[in-house]
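Peer 1: Starting off with a structure, shown below.
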DNA sequence: GCCGTTTTCGGCCCGACTGTTTTCAGTCG
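In my numbering, the protein residues as written are 2 to 589.
Written as structure tokens, this is what we have:
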């Protein structure tokens, strides 16, 4: 058994290797270590699993990890440290990772700060700033010292990633304002928001205009802006009052496609795409795809090929256009080259919502008001799934109350036109895996969702056993927000995903994507695994308030990031089709 | 140090902005 298997710390160590090589001017290694660090960060616990199963050989099969780095990871997992890293720390005892968090502070500056002022960490930096010693370093001045102080301030005023659900409307409001300007043809959101990432580090906007300067002037004066980092002819960057940055690029209309492609990212997707372009004799930048000529060993763009739309660019590279949501720099490029991209579920494909609440428990609106809002959002049915009695503090329903609710739903269904309510529940899974309501009561319902709201700290083995027992109950149709995480607030429960997927498949239980902004659960990677396993998905809002129906597009974004198609998602079916599915399940 | 529908050797993404310069280095996305 190893001593230290913390993938997060490992990612930081690899990052520090990258920076150290960069400081020393070593070519190519910085990027190799950077990629390895990102890879480990993204894989998380999977790195440890891979190492446990297949050792160094397994590690080498991971992206960005070859012989040398695999050996270092192996050493770290076995002994808890890496000799070469310890030596590096001895000769350069600097908290590289901590300092690098500061905007504008890169490897060369960290090197110089230590060489001239013996700055080892953020505290040393603060002292040096206070005593105005930094401006005395060669090639530094009062302005760059100020800039560094600002960067430090920004970091300390917590610049954590924000929830997509919170930022998306803000970005769209900014776009709407700029769009209305004279001379502006296009104005759109790019970056991680366009990719529908669950959290967002900054807002990337792109505009095309005959009068770029006017757009820039308007941008830095938007009401959401609190200060301006940079303002140029084609690019500006500002700080927003709600605590994150927004960038705007303004380009000529004729290169819109290239710019949109470029600033949609993600970074790794773009690096791979530019490498692919190079291998086919092109070079790609934000102004288009160019044929390449070599002058004195240097690549120079020569003739413009295409730039009007993203599709043109991908097509010239011999591939289909991957939807933004799956541009992560992994197998989407290969799939696009082989013309094997899936037809992702469209944003308007949902017909119903399988998880909603009402004033019967902790919702804020009556069943009827919720139904009317759902219908206004284009849905034709929804399941009413209030909580059960284990959640006593919100008056969860017992069997008797549930029957009473069913009678109300019967009455409402007679009254509603073009909309149907399904009788359902969000039934608690108790600690031992039994359900909070009697099977006889569950059998009366159209739709039984189950979920966990207690005992979230069970061991992986216990938690998995608990869930498997619940899913094996023949009354259960769906497992709601399976990992129980709350982004930025609560870690996911420990569970063996492979076993849970296998059980869901065996017992024909659907897995839910809960669209609430801080849940986003299942998450993208889990969705992809579920889709691969052929398990049905539902995309629900878990609406506790009429406004929550608007979050459905977040859940659809997650599903698309998980390569889900319309056929994979249960509530894209019409009500008769859904009923047929449920009847078939009951017969099994 | 990693990687392979031109390669197991010889490649390795690209441009804007800032600050301190006087033609460029550093950082970022």
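Where is the CB? At the ideal position from N, CA and C, for every residue including glycine. All values reported here derive from a predicted model rather than from experimental measurement.
Is the number of C-beta pairs between the segment 503-510 and the segment 533-542 that are closer than 8 Å three or more?
Peer 2: Yes: the two stretches touch, three or more of their Cβ pairs being nearer than 8 Å.
Peer 1: Rounded to whole angstroms, what's the CA-CA distance from residue 553 to residue 542? Just pull it up for me.
Peer 2: Rounded to the nearest angstrom, the two C-alpha atoms are 6 Å apart.
Peer 1: Flag this pair as yes or no: are the beta carbons of residue 493 and residue 486 separated by less than 9 Å?
Peer 2: Taking 9 Å as the Cβ cut-off, residue 493 and residue 486 qualify as a contacting pair.
Peer 1: Would residue 318 and residue 281 qualify as a contact pair, given that the criterion is a beta-carbon distance under 9 Å?
Peer 2: Taking 9 Å as the Cβ cut-off, residue 318 and residue 281 qualify as a contacting pair.
Peer 1: Looking only at C-alpha atoms, which of 13, 396, 388 sits nearest to residue 436?
Peer 2: Comparing Cα positions, the closest option is 388.
Peer 1: Determine the DSSP secondary structure at residue 383, reduced to helix, strand or coil.
Peer 2: Three-state result, residue 383: strand.
Peer 1: Just reading off the alpha helix (DSSP H) that residue 51 is part of, what are its end residues?
Peer 2: First-last of the alpha helix (DSSP H) with residue 51: 46-61.
Peer 1: What does the alpha-carbon distance come out to for the pair residue 125 and residue 139?
Peer 2: Cα to Cα, residue 125 sits roughly 19 Å from residue 139.
Peer 1: What alpha helix (DSSP H) runs, 4 residues minimum, are completely inside the segment 456-483?
Peer 2: The qualifying runs are 461-472.
Peer 1: Indicate the three-state DSSP secondary structure (helix, strand or coil) for residue 16 in the structure shown.
Peer 2: The answer is helix: DSSP assigns residue 16 an H, G or I state.
Peer 1: So, under 8 Å CB-CB, residue 309 and residue 258 are touching, yes? Tell me the CB distance rounded to an integer number of Å.
Peer 2: Confirmed, about 5 Å.
Peer 1: Give me the Cβ distance between residue 326 and residue 558, rounded to the nearest whole Å; I'm assuming they're in contact under 8 Å.
Peer 2: The pair is a contact, with the Cβ atoms about 6 Å apart (cut-off 8 Å).
Peer 1: Suppose you measure from the CA of residue 278 to the CA of residue 286; what does that come to, to the nearest Å?
Peer 2: Their backbone Cα atoms lie some 10 Å apart in a straight line.
Peer 1: Indicate whether residue 339 and residue 385 have their beta-carbon atoms separated by less than 9 Å.
Peer 2: Their beta carbons are not under 9 Å apart, which means residue 339 does not touch residue 385 by this criterion.
Peer 1: Could you give the C-beta distance for residue 206 and residue 248, rounded to a whole number, given that I count them as a contact under 8 Å?
Peer 2: About 7 Å separates the two Cβ atoms, so the contact holds.
Peer 1: If you drop the 5 nearest sequence neighbours on each side, which residues of the same chain put their C-beta closer than 6 Å to that of residue 549?
Peer 2: Answer for residue 549: 542, listed in chain order.
Peer 1: For the 8 Å Cβ check, are there 3 or more pairs between the segment 145-161 and the segment 206-216?
Peer 2: Too few Cβ pairs lie closer than 8 Å, so no.
Peer 1: Could you check the C-alpha separation between residue 61 and residue 41 for me, to the nearest Å?
Peer 2: Residue 61 and residue 41: Cα-Cα distance of roughly 12 Å.
Peer 1: Should residue 546 go down as buried or exposed, given a rule of 16 or more other Cβ atoms within 10 Å for buried?
Peer 2: Looking at its Cβ environment, which holds fewer than 16 other Cβ atoms inside 10 Å, residue 546 is exposed.
Peer 1: With a threshold of 16 other CB atoms inside 10 Å of the CB of residue 241, please say whether the residue is buried or exposed.
Peer 2: Counting Cβ neighbours within 10 Å, residue 241 comes out buried, since at least 16 surround it.
Peer 1: Using CA coordinates, which residue listed in 490, 93, 73 is at the minimum distance from residue 84?
Peer 2: For the residues 490, 93, 73, the minimum Cα distance to residue 84 belongs to 73.
Peer 1: Locate the alpha helix (DSSP H) running through residue 216, then write down its first and last residues.
Peer 2: First-last of the alpha helix (DSSP H) with residue 216: 213-221.
Peer 1: Please work out which residues of its chain come closer than 6 Å, Cβ to Cβ, to residue 269, disregarding the five sequence neighbours upstream and downstream, and give them in chain order.
Peer 2: 330.
Peer 1: Name, in chain order, the residues that DSSP records as bridge partners for residue 195.
Peer 2: In the DSSP output, where bridge partners are listed per residue, residue 195 has none listed.
Peer 1: For residue 464, which residues in the same chain have their Cβ closer than 6 Å to its Cβ, ignoring the five residues on either side in sequence?
Peer 2: Around residue 464: 494, 495, 496.
Peer 1: For the alpha helix (DSSP H) holding residue 448, just list the boundary residues, first then last.
Peer 2: Counting along the chain, residue 448 falls outside any alpha helix (DSSP H), though it belongs to the beta strand (DSSP E) covering 448-452.
Peer 1: For residue 205, which of helix, strand or coil comes out of DSSP?
Peer 2: Residue 205: strand per DSSP, three-state reduction.
Peer 1: Rounded to the nearest angstrom, how far is the Cβ of residue 603 from that of residue 565, given a contact under 8 Å?
Peer 2: This structure leaves residue 603 out entirely; the chain is present only between 2 and 589.
Peer 1: Who are residue 188's beta bridge partners in DSSP?
Peer 2: According to DSSP, which records beta bridges pairwise, residue 188 is partnered with 208.
Peer 1: Return the first residue and the last residue of the alpha helix (DSSP H) that residue 257 is part of.
Peer 2: 257-265 is the extent of the alpha helix (DSSP H) around residue 257.
Peer 1: Where does the unbroken alpha helix (DSSP H) through residue 407 begin, and where does it stop?
Peer 2: Looking at the DSSP string, the run of the alpha helix (DSSP H) that includes residue 407 is 400-416.
Peer 1: Evaluate residue 323 with the Cβ neighbour count: other Cβ atoms within 10 Å of its Cβ, from every protein chain shown; 16 or more gives buried, anything less gives exposed.
Peer 2: Classification of residue 323: buried, given that the 10 Å Cβ count is 16 or more.
Peer 1: Based on DSSP bridge pairs, tell me the residues matched to residue 286.
Peer 2: Residue 286 pairs with 289.
Peer 1: So, is residue 229 buried or exposed, given that buried needs 16 or more other C-beta atoms within 10 angstroms?
Peer 2: Exposed: under 16 other Cβ atoms inside 10 Å.
Peer 1: Can you give the Cα-Cα distance for residue 87 and residue 94, rounded to whole angstroms?
Peer 2: Near 9 Å, if we compare the C-alpha coordinates of residue 94 and residue 87.
Peer 1: Would residue 275 pass as a contact of residue 264 if the rule is Cβ separation under 9 Å?
Peer 2: Contact flag unset, no.
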